[in-house]
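As structure tokens, the structure follows; a few thoughts come after it.
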Amino acid sequence: MDTRTQTLPPGWRIEATGPFPGSRACVLRLTHADGIDAVWQIDDGSPQCEAVRQLAAAMALTGESYREQDEGPPPLLST
37 MDTRTQTLPP GWRIEATGPF PGSRACVLRL THADGIDAVW QIDDGSPQCE AVRQLAAAMA
97 LTGESYREQD EGPPPLLST
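Per the working numbering, the sequence shown starts with residue 37, numbered consecutively.
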């Protein structure tokens with residue numbers, strides 16, 4: 037696996053979240069500034085959900101935000 041630091045092209049954002057209370061899903065979202073997005077909802081307990089969980093934790097530890105503060109798309113899941 038190539039472990040070099042990688043960044044998203046300008047205008048793109050990434051969010052990795054979950055699983056959420058009351059839900060068994062992890063969510064990975066890629067969003068472009070023009071509003072186009074791709075969303076993957078993955079069942080908890082799968083290797084893919086664990087990867088999303090680890091990505092979310094790594095993003096939180098760096099103190100960096102990969103989502104700009106704007107009036108973009110609504111939250112992934114609301115309660």
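Idealized CB from N, CA, C, for every residue including glycine.
Computed from a predicted structure; not experimentally measured.
Asked: Taking 8 Å as the threshold (beta carbon to beta carbon), is Arg-89 in contact with chain B?; Found: In the structure shown, chain B cannot be found, because there is only a single protein chain.
Asked: How is the alpha helix (DSSP H) around Gln-84 delimited, first residue to last?; Found: 83-98
Asked: Which same chain residues end up closer than 6 Å to Ala-74 when comparing Cβ atoms and leaving out the 5 residues on each side of it in sequence?; Found: Leu-66
Asked: Can you say whether Ala-138 is buried or exposed, counting buried as having 16 or more other CB atoms within 10 angstroms of its CB?; Found: Since the first residue shown for the chain is 37 and the last is 115, residue 138 is missing from the structure and cannot be characterised.
Asked: Roughly how many whole angstroms lie between the Cα atoms of Ala-94 and Gln-84?; Found: 15 Å
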